[in-house]
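Okay, structure first, notes after.
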Amino acid sequence: MRVYVPQLTKLAKPGQFVHVRCSSGLDPLLRRPISLHGIDYGKGTISLLYQVVGTGTRLLAEMAPGDEIDVMGPLGKGFTVPDGIKKALVVGGGIGVAPLFPLIHSLKHYGIQQTVLLGARSADFIIGREQLELLGVKVKIATDDGSLGYKGFVTRLAEDEISGGTPDYFFACGPNPMLKGLISLTKGFGLSGQVSLEEYMGCGVGACLACVCKSKAAAGREPDDSAEGFEYKKVCVDGPVFEASEVILDD
Amino acid sequence: MRVYVPQLTKLAKPGQFVHVRCSSGLDPLLRRPISLHGIDYGKGTISLLYQVVGTGTRLLAEMAPGDEIDVMGPLGKGFTVPDGIKKALVVGGGIGVAPLFPLIHSLKHYGIQQTVLLGARSADFIIGREQLELLGVKVKIATDDGSLGYKGFVTRLAEDEISGGTPDYFFACGPNPMLKGLISLTKGFGLSGQVSLEEYMGCGVGACLACVCKSKAAAGREPDDSAEGFEYKKVCVDGPVFEASEVILDD
Amino acid sequence: MTKPADNLTDKPADNLTDNPADNLAVKPAVKPAVNLGVNLGGLQMKNPVTTASGTFGFGPEYAPYVDLNRLGAITVKGTTLEPRKGNPTPRIAETPAGILNCIGLQNPGVDHFIAEDLPYLRNYDTPVIVNIAGNSLDDYAEVTRRLSGAQGVSALEVNISCPNVKQGGMVFGTDCLMAAEVIRVVRENTKLPLIAKLSPNVTDIVEIAGRVAEAGADALALINTLLGMKIDIRTRKPFLGNTMGGLSGPAIRPVAVRMVWQTARAVRLPILGMGGIMNAEDAIEFILAGAAAVAVGTANFVNPGAAMDIIAGIEQYMKDNGVTDVNDLVGAAWK
Amino acid sequence: MTKPADNLTDKPADNLTDNPADNLAVKPAVKPAVNLGVNLGGLQMKNPVTTASGTFGFGPEYAPYVDLNRLGAITVKGTTLEPRKGNPTPRIAETPAGILNCIGLQNPGVDHFIAEDLPYLRNYDTPVIVNIAGNSLDDYAEVTRRLSGAQGVSALEVNISCPNVKQGGMVFGTDCLMAAEVIRVVRENTKLPLIAKLSPNVTDIVEIAGRVAEAGADALALINTLLGMKIDIRTRKPFLGNTMGGLSGPAIRPVAVRMVWQTARAVRLPILGMGGIMNAEDAIEFILAGAAAVAVGTANFVNPGAAMDIIAGIEQYMKDNGVTDVNDLVGAAWK
Ligand SMILES: Cc1cc2nc3c(=O)[nH]c(=O)nc-3n(C[C@H](O)[C@H](O)[C@H](O)COP(=O)(O)OP(=O)(O)OC[C@H]3O[C@@H](n4cnc5c(N)ncnc54)[C@H](O)[C@@H]3O)c2cc1C
Ligand SMILES: Cc1cc2nc3c(=O)[nH]c(=O)nc-3n(C[C@H](O)[C@H](O)[C@H](O)COP(=O)(O)OP(=O)(O)OC[C@H]3O[C@@H](n4cnc5c(N)ncnc54)[C@H](O)[C@@H]3O)c2cc1C
Ligand SMILES: Cc1cc2nc3c(=O)[nH]c(=O)nc-3n(C[C@H](O)[C@H](O)[C@H](O)COP(=O)(O)O)c2cc1C
Ligand SMILES: Cc1cc2nc3c(=O)[nH]c(=O)nc-3n(C[C@H](O)[C@H](O)[C@H](O)COP(=O)(O)O)c2cc1C
Ligand code: FES
Ligand code: FES
Chain A
2 MRVYVPQLTK LAKPGQFVHV RCSSGLDPLL RRPISLHGID YGKGTISLLY QVVGTGTRLL
62 AEMAPGDEID VMGPLGKGFT VPDGIKKALV VGGGIGVAPL FPLIHSLKHY GIQQTVLLGA
122 RSADFIIGRE QLELLGVKVK IATDDGSLGY KGFVTRLAED EISGGTPDYF FACGPNPMLK
182 GLISLTKGFG LSGQVSLEEY MGCGVGACLA CVCKSKAAAG REPDDSAEGF EYKKVCVDGP
242 VFEASEVILD D
Chain B
2 MRVYVPQLTK LAKPGQFVHV RCSSGLDPLL RRPISLHGID YGKGTISLLY QVVGTGTRLL
62 AEMAPGDEID VMGPLGKGFT VPDGIKKALV VGGGIGVAPL FPLIHSLKHY GIQQTVLLGA
122 RSADFIIGRE QLELLGVKVK IATDDGSLGY KGFVTRLAED EISGGTPDYF FACGPNPMLK
182 GLISLTKGFG LSGQVSLEEY MGCGVGACLA CVCKSKAAAG REPDDSAEGF EYKKVCVDGP
242 VFEASEVILD D
Chain C
-11 MTKPADNLTD KPADNLTDNP ADNLAVKPAV KPAVNLGVNL GGLQMKNPVT TASGTFGFGP
49 EYAPYVDLNR LGAITVKGTT LEPRKGNPTP RIAETPAGIL NCIGLQNPGV DHFIAEDLPY
109 LRNYDTPVIV NIAGNSLDDY AEVTRRLSGA QGVSALEVNI SCPNVKQGGM VFGTDCLMAA
169 EVIRVVRENT KLPLIAKLSP NVTDIVEIAG RVAEAGADAL ALINTLLGMK IDIRTRKPFL
229 GNTMGGLSGP AIRPVAVRMV WQTARAVRLP ILGMGGIMNA EDAIEFILAG AAAVAVGTAN
289 FVNPGAAMDI IAGIEQYMKD NGVTDVNDLV GAAWK
Chain D
-11 MTKPADNLTD KPADNLTDNP ADNLAVKPAV KPAVNLGVNL GGLQMKNPVT TASGTFGFGP
49 EYAPYVDLNR LGAITVKGTT LEPRKGNPTP RIAETPAGIL NCIGLQNPGV DHFIAEDLPY
109 LRNYDTPVIV NIAGNSLDDY AEVTRRLSGA QGVSALEVNI SCPNVKQGGM VFGTDCLMAA
169 EVIRVVRENT KLPLIAKLSP NVTDIVEIAG RVAEAGADAL ALINTLLGMK IDIRTRKPFL
229 GNTMGGLSGP AIRPVAVRMV WQTARAVRLP ILGMGGIMNA EDAIEFILAG AAAVAVGTAN
289 FVNPGAAMDI IAGIEQYMKD NGVTDVNDLV GAAWK
């Protein structure tokens, strides 16, 4: 879906998201967070890539070209490309590739080498491979059922890449188990990186405290926090992109 | 709106209605009662004529040809044409003309003479005049603002017709004040007839008792009823068409 | 806390679904026949789905849309000793994902029900739950006696919770001692399975549930409607003929599920859960929260075949998830 | 029963809208300037619209969408003596026309609020209502004292009704005597306008309202969320991190309007009405039921400009209907 929102596009950064109203009525009531998948600064459009999972995304899919849509954004903190990195590993699981596209464009723009790993249940759920290859990006695939590429988890591919020793930074977005695996893996190798998280959202602007994730407590916080060893951060404004070393993912 | 529902059409009678689901979601939740406006036994279609007043009718209006719609029906008791009537007066107020069309066709079919009176706020709300004239039916118009026909209430036109002495029966559908006026008027002249009522509905099948109207208590009912002089009847199954002499309309 | 075994069905064999697919000799995967039968405080139901009182008339109204023989039970409109006219109109108003009603227990009286409506229901092989209400303890006692003597009444659901009538109704339902009194009086006058239907308009549903359990109820039905109202900003007056009404439909489901959950964990009686059940998923939510059976109310207005769809959907869910006995799902979210 | 005149604003002149159209010398019809100003138990508001605590953060979050200067007041997230972490996730779930939340009063503590958040709010010409909660009477007393000494706090809204915390919270809110105790303690420690925020999860809202009025509240806020829950039928476990949550949004509006109506007729305190207000029509419904002011909660999530639209819509309704003072609409459905 491509949306013409020049004011929004002007400000948009890779990794940010928009909060989308899927119905003008009450069903569903809440907005849906959807990542910026494409940002066309010239045309003033953003594009959204989403998987139909429930009522909200189904209604989005039923929209016709030319329909108006109510989006808030751009919201959240996006990816930042640290100075000095030379070769990045980009890992996307399932629909998690959506926000990685603008990042991949940025990395290319900055002349940073990258390998993109895509993981999904099966070949049908691998998204964007062709576009990435057209872009001249190295892509490797893993599917749970082996219907495309390596049969197994994308984290295994990541392990190979990292132990191969090439990447000096990583970026990832995907389901929590994948991110969890990746975080412990990269920690083992001492590789830093950024991950983009998902959480159920209310406001999208930091006002309701619905979307929190656990973050390692900063030093010198009050006893309550350090006792449990974490503080809650808001995915919508402190994230969705966090330093991998900072987040704590339960199960 | 024309709907292809052969099983329903087979059973349909003038004055009956269908209970229409306007959304597949929860907004709005309840079905909407809409009268049969046209019954094409040959094609197996019914047509509905409705005024957009709220969420439900707005969603109906947004439907595209070929869309599926969930209708229950035909429901309720329609008009009956008593034996021996020769000249009927048919009175429709506003969107109340909708259910009168199939009746007018029937009356014509039975060779009963008829005069149709249409009333509305203004010319814009007068519906179906041309079709009726094409059918060769005598039509008279009243509008509140005088933008078409007589300036004033349609009940005044009715009074003229009745005092002119021609009709020996009447049929009416429209807002309650119009029906109330008409009932007291015709009572004065000893003219019998039938009126079609509206009430907020839940089930449409007589199960929830939401849609009741006051009806003169039948003789020999238990004291509670006769004390207050009325019993509640269900518009959805005992009506929507009632004998004019039977109903009690509170303002 | 678990339920005593004798509240669960002990006759699963009678309640096998007769889906021919289950009887095939060779099956692609092990698909056991599923037991949908439940026992609601002595009332044996072939599946856990009944209708919510007041939304299904006396049965015939929905017969064109529902095979009454397939229902677990039919719960009929609330019945009182004397006929009741009910409230002035409008009696129904739509609200977000819900409806307000103020029918006011319009009904033809218990004798009329026994003489005119019950015979029809005897044609079906489905238990009939009669919902009763009264203005006084004597009323409740007398209605109970008359129904207990009538052929074809399988259980009584005692409405101590209707918000739409001036006397009795919610006063009984929101006061623990009064609620227990009503149940005690009904218990003294019947051997039929006795289901106490509770009002959600209370601070502590568990306390009331405990009291009516002690007073002799065999099962609990919850929830009745939440007391609500709507004002017409055009006329600047209350919209409903009776000012306030009872809120039902999907809007109240989270409250209903919560009350079923709280009560099921604390009180050892089977629960008939209801409040906003629109489809099988919703019904299963109540069962997982602790309801042994469920009632379909407002959903009938939206989809007249809702009860049928829900029975089929529960069966499908069980098959998809390898659950052989619906009783294993009851309270599974906390057991 | 009517309200004493001193609860109504006596400074209408300060509160004229400055719509230039109203000042034209020649007008097609008599269009009087309308007064939107209300007095909520001593808190003077330029219009009757504030934000519902917990849905609007501490102000800056919605500043890109809402002109904070145009609000009648800003009500901030619930504050406690110590910082609170809140509950595990998921903290929010969607339900039909509503949401369940179990944030659990996550907040940085009153001192942090005073030092870090309040200075920002002092930039605006809008009164700040601080919502407070506590585990014990001592907590309430101490939070009250610290806030009463802070510059820029215009009123205290005392949450005796949060269903999402284990200690305190709803226990206070559903027990009349405890509720009154909390209010008494807060009253002893502040001269600020004191708004008691009541729980709807009670049998008799009027009784609690009466008690907290006697205990010294200047106004009543109702309603907080209805206690509800949702079960995930896939995992067969409660969906929310804290099992139960508070139901808000349009689904609960009929219950909220009913409680405002009942309370306004019985208790002589101005009411801050809330619960499912999505637009101006809904807000007017609460005002007609008896609310002197209204709070916009869940609607902010759906439409971040909701509060602005509601202020404009109330003004428009008044002009369309020839109402010159919004106070004339308060309780107009029964007065
Ligand atoms: C920052 C962020 C960016 C996202 N970007 C994308 C994207 O680019 N493409 C895409 O397809 N999906 C994305 N998601 C997930 C997407 O928001 C959900 O799939 C979507 O909200 C589902 O809505 P629904 O009505 O179709 O499903 P339902 O299951 O009916 O939704 C019910 C509720 O759960 C919430 N919900 C469901 N799944 C998720 C989830 N994974 N994360 C957060 N909330 C959820 C919904 O918002 C809603 O409140 C993103 C989520 C977040 C937090
Ligand atoms: C037997 C019968 C036949 C009808 N036939 C027609 C017809 O042929 N054409 C037509 O345009 N309208 C007809 N109506 C009125 C029509 O049902 C309402 O205009 C429609 O339900 C409005 O729905 P809404 O969602 O657009 O409006 P809303 O005002 O949003 O509806 C809110 C609620 O009020 C109910 N409602 C609103 N107006 C009426 C009304 N006048 N009578 C009963 N319930 C109402 C709705 O059903 C709904 O439950 C008929 C009504 C009845 C009872
Ligand atoms: C129109 C209507 C009439 C009702 N009448 C009764 C009644 O007579 N007795 C009773 O105990 N409950 C009555 N109820 C309450 C329902 O039985 C049920 O408890 C409630 O509607 C919640 O379920 P639902 O949300 O599935 O409708 C009535 C509900 C509605 C909507
Ligand atoms: C996410 C969220 C957080 C809330 N936090 C608080 C709170 O901290 N203190 C409080 O008194 N009420 C809190 N509430 C309740 C609201 O202030 C309000 O009473 C309730 O949501 C009903 O209004 P609404 O339907 O307009 O949202 C919260 C509500 C929501 C949805
Ligand atoms: S969604 Fe409200 S704080 Fe993040
Ligand atoms: S609409 Fe239910 S009885 Fe008529």
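Chains as they are written, first to last, in the numbering used here: chain A, 2 to 252; chain B, 2 to 252; chain C, -11 to 323; chain D, -11 to 323.
The C-beta atom is built at its ideal place from N, Cα and C for all residues, glycine as well.
- For M232(C), the chain D residues whose Cβ falls inside 7 Å of its Cβ are R246, in order along the chain.
- By the rule that beta-carbons nearer than 8 Å mark a contact, F289(D) touches chain A.
- Taking 7 Å as the cut-off between beta carbons, the residues of the stretch 196 to 226 of chain D near chain C are L214, L215, G216, M217, K218, I219, I221, R224, K225, P226, in sequence order.
- Shortest gap from the CB of I105(A) to any heavy atom of ligand 1: 7 Å or more.
- With its beta carbon less than 8 Å from one in chain C, Y233(B) belongs to the interface.
- Per DSSP, K141(B) is one residue of the beta strand (DSSP E) stretching across 139 to 144.
- When the Cα atoms are used, M296(C) and V290(C) turn out to be separated by approximately 13 Å.
- For ligand 5, a non-hydrogen atom lies closer than 7 Å to the CB of M202(A).
- Relative to ligand 5, the beta carbon of G205(A) is positioned inside 7 Å of a heavy atom.
- Residues of the stretch 17 to 29 of chain A whose Cβ lies closer than 9 Å to any Cβ of chain B, in chain order: S24, G26, L27, D28, P29.
- Listed along chain A are E200, Y201, G203, C209, L210, A211, C212, V213, each with a C-beta nearer than 9 Å to that of R79(D).
- The DSSP assignment places complete alpha helix (DSSP H) segments of no fewer than 4 residues inside the stretch 159 to 215 of chain A at 177 to 190, in order along the chain.
- In the three-state reduction of the DSSP assignment, F80(A) falls in the coil class.
- Minimum Cα-Cα distance from H110(A) among the listed residues V238(A), L136(A), G97(A), S123(A) corresponds to L136(A).
- The beta-carbon distance between V131(C) and V173(C), rounded to whole angstroms, is 10 Å. This is too long to meet the 8 Å contact definition.
- Annotation: the continuous alpha helix (DSSP H) that includes V174(C) extends over 164 to 176.
- The C-beta of T63(C) comes no closer than 8 Å to any C-beta of chain B.
- In the three-state scheme derived from DSSP, where H, G and I count as helix and E and B as strand, M306(D) is classed as helix.
- Relative to ligand 3, C209(B) has its C-beta within less than 7 Å of a heavy atom.
- In terms of beta-carbon proximity, N23(C) stays away from the interface with chain B, with every pair separated by 8 Å or more.
- Relative to R32(B), the option among N57(C), G45(C), I80(C) whose CA is nearest is I80(C).
- Counting only the Cα atoms, T213(D) lies some 11 Å from M232(D).
- Within chain A, the residues whose beta carbon sits less than 8 Å from that of I91(D) are C209, L210, A211, listed in sequence order.
- Nearest to M266(D) by alpha-carbon distance, out of I302(D), G234(D), L257(D), A252(D), is I302(D).
- Annotated three-state conformation of D71(A) is strand, per DSSP.
- Three or more pairs of CB atoms, one per stretch, sit closer than 8 Å, so the stretch 113 to 121 of chain D contacts the stretch 53 to 70 of chain D.
- Relative to ligand 4, K185(D) has its C-beta within less than 7 Å of a heavy atom.
- With a cutoff of 7 Å, L214(C) does not count as near ligand 4, since its C-beta is closer than that to no heavy atom of the ligand.
- In the same chain as R253(D), and ignoring 5 residues on each side of it, the C-beta atoms closer than 8 Å to its own belong to M(-11), G278, G319, W322, in chain order.
- Within chain B, no C-beta atom comes less than 7 Å from the C-beta of I240(C); the nearest is roughly 12 Å away.
- A distance below 8 Å between beta-carbons, with the five flanking residues on each side excluded, links V194(C) to the following residues of its chain, in chain order: Q250, T251, A254, V255.
- At least one CB of chain B lies nearer than 8 Å to the CB of P292(C).
- Less than 8 Å divides the Cβ of G194(B) from the Cβ of A245(B).
- In summary, S123(B) is exposed, with fewer than 16 beta-carbon neighbours lying within 10 Å of its beta-carbon over all protein chains present.
- Under DSSP, the beta-bridge partners assigned to H20(B) are P34(B), M73(B).
- Taking all protein chains in view, the Cβ of R110(C) is surrounded by fewer than 16 other Cβ atoms within 10 Å, so the residue is classified as exposed.
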